[in-house]
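Peer 1: The sequence shown begins at 0 in numbering that gives the first Met the number 0 and counts up one residue at a time.
Below you will find the structure I want to go over with you.
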Amino acid sequence: MLKSVVRAVGAAARLSSASTSAARVLPLSYPALRSPSPAITRPFARSLWLLSNNGASSGYRPKLFSSKVLSPSVSCGCGGLHTEGDKAFGDFLSDEIKEEKKIQKNKSLPKVSGGWELEMNGTEAKLTRSVSGEKVTVTFNVNNSIPPNFEEEVEQTQQKSAEEEPEIVSTPNFVVEVTKQAAKHSLVFDCHFPEDEMSHGEGEEESDIFAIREVSFQPQGDSEWKETSYNLNTDSLDWALYDHLMDFLADRGVDNTFADELTELSTAIEHQEYIKFLEDLQGFVKCN
């Protein structure tokens, strides 16, 4: 009973902070959004994107270099424009890529314990496992998975040393789909990482680090969330029912340990994709 009460209070606090509606995520169709959460992190070094005063969200892009047009190189067959700014931009990207590779914690993607198998499709990841005839699928997308308030932390710590700089963590929304062999519909959970966690005193049970936003039955094999199916929103859900839903997921391997490992995996994927983007951008600017 104490466990249920503690979880109920935790759920109420989490769900109140997650009242803003977010796009749903389903495998291969909907991108995962972002919500901050303390998890596995890596050093911050994205001067290209976030270290300007106004940041990416404002639409401001600082003009770093002049743009005097140079004569196109005879050896270059791209036919594109070449400027002094392009050359300086390419040199900057070279340094940026070296720094990102230097701080990269995972050269290969970390494993998720519990027999989960990983399948990648660009920035989308799918984890699957079988439990006594049931198939459990967890899908997330690393796009937009960096917390939106991260830029504020950067501004507050710009004067600190490199060792004290904030670290980046990817906390994507994720969808859990539970499929039974004899059923025509799958039970689908739309989950996220709340911004705030409840603090507990000594001896109290640890709160859940992820929360369920919505639950729905969806036709098996469909990649799109059908709005004609009833969606159970957990904002005003009875605490006992919510507690059972969380236990249902935990019994199938989706618990706090899984959520921690998911953020570690997502952070590693996001970092790899970021480095690849910088390399592609460098090749485009230099016309390689």
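We put the beta carbon where it would ideally sit given N, CA and C, even for glycine.
For clarity, every value in this text was computed on a predicted model and none was experimentally measured.
Give me the Cβ distance between residue 208 and residue 169, rounded to the nearest whole Å; I'm assuming they're in contact under 8 angstroms.
Peer 2: Contact doesn't hold; Cβ gap of about 14 angstroms is too wide.
Peer 1: Relative to the alpha-carbon of residue 139, which residue among 172, 109, 130 and 166 has its alpha-carbon at the smallest distance?
Peer 2: Comparing Cα positions, the closest option is 172.
Peer 1: Between which two residues does the beta strand (DSSP E) containing residue 189 stretch?
Peer 2: Secondary structure note for residue 189: its beta strand (DSSP E) is the uninterrupted segment 184 to 191.
Peer 1: In angstroms with no decimal places, state the Cα-to-Cα distance between residue 117 and residue 82.
Peer 2: 43 angstroms
Peer 1: Just how far apart, CA to CA, sit residue 175 and residue 78?
Peer 2: 48 angstroms
Peer 1: If residue 167 sits next to residue 278, beta carbons under 8 angstroms apart, how far is it from one beta carbon to the other, in whole angstroms?
Peer 2: At roughly 18 angstroms, the Cβ-Cβ gap does not stay under 8 angstroms, so residue 167 and residue 278 are not in contact.
Peer 1: When you compare only the Cα positions, how much space is there between residue 254 and residue 104?
Peer 2: Rounded to the nearest angstrom, the two C-alpha atoms are 24 angstroms apart.
Peer 1: Name, in chain order, the residues that DSSP records as bridge partners for residue 174.
Peer 2: 138 and 189
Peer 1: Is the beta carbon of residue 251 sitting closer than 8 angstroms to the one on residue 111?
Peer 2: no
Peer 1: With H, G and I counted as helix, E and B as strand and the rest as coil, what does DSSP make of residue 168?
Peer 2: In this structure, DSSP gives residue 168 a state outside helix and strand, which the three-state scheme calls coil.
Peer 1: Check the DSSP bridge columns for residue 128 and list the partner residues they point to.
Peer 2: 135, per the DSSP bridge assignment.
Peer 1: Give me the Cα-Cα distance between residue 188 and residue 211, rounded to the nearest whole angstrom.
Peer 2: 7 angstroms
Peer 1: Pull up the distance between the alpha-carbon of residue 161 and that of residue 286, whole angstroms please.
Peer 2: At residue 161 the pLDDT is 49, less than 50, meaning the model places this residue with poor confidence; the figure from the coordinates comes in the next sentence. One C-alpha to the other measures close to 33 angstroms.
Peer 1: What do you get for residue 213, buried or exposed, if any count of 16 or more other CB atoms within 10 angstroms of its CB means buried?
Peer 2: buried
Peer 1: What are the boundary residues of the alpha helix (DSSP H) that residue 87 is part of?
Peer 2: 83 to 102
Peer 1: Terminal residues of the continuous alpha helix (DSSP H) containing residue 231?
Peer 2: It is not in any alpha helix (DSSP H) - residue 231 instead sits in the beta strand (DSSP E) that spans 230 to 232.
Peer 1: Between the Cα of residue 147 and those of 228, 193, 226 and 124, spot the shortest distance and give me the residue it belongs to.
Peer 2: 193
Peer 1: Relative to the C-alpha of residue 99, which residue among 178, 273 and 122 is closest?
Peer 2: Across the set 178, 273 and 122, the C-alpha of 273 shows the shortest separation from the C-alpha of residue 99.
Peer 1: DSSP three-state call for residue 217: helix, strand or coil?
Peer 2: strand
Peer 1: Applying the criterion that 16 or more other CB atoms from any shown protein chain within 10 Å of the CB defines a buried residue, is residue 260 buried or exposed?
Peer 2: buried
Peer 1: Residue 269 lies in the beta strand (DSSP E); which residues open and close that run?
Peer 2: It is not in any beta strand (DSSP E) - residue 269 instead sits in the alpha helix (DSSP H) that spans 255 to 285.
Peer 1: Could you give the residue range of the beta strand (DSSP E) that holds residue 117?
Peer 2: 116 to 120
Peer 1: Judging by CA-CA distance, which residue of 264, 93, 281 and 282 is the nearest neighbour of residue 108?
Peer 2: 264
Peer 1: Within 10 angstroms of its Cβ, does residue 215 collect 16 or more other Cβ (buried), or is it exposed?
Peer 2: buried
Peer 1: Tell me whether residue 181 is buried or exposed, calling it buried when 16 or more other Cβ atoms sit within 10 Å of its Cβ.
Peer 2: exposed
Peer 1: What's the gap between the Cα of residue 247 and the Cα of residue 102?
Peer 2: 38 angstroms
Peer 1: I believe residue 122 touches residue 142 by the beta-carbon criterion, under 8 angstroms. Please report the beta-carbon distance rounded to the nearest angstrom.
Peer 2: 5 angstroms
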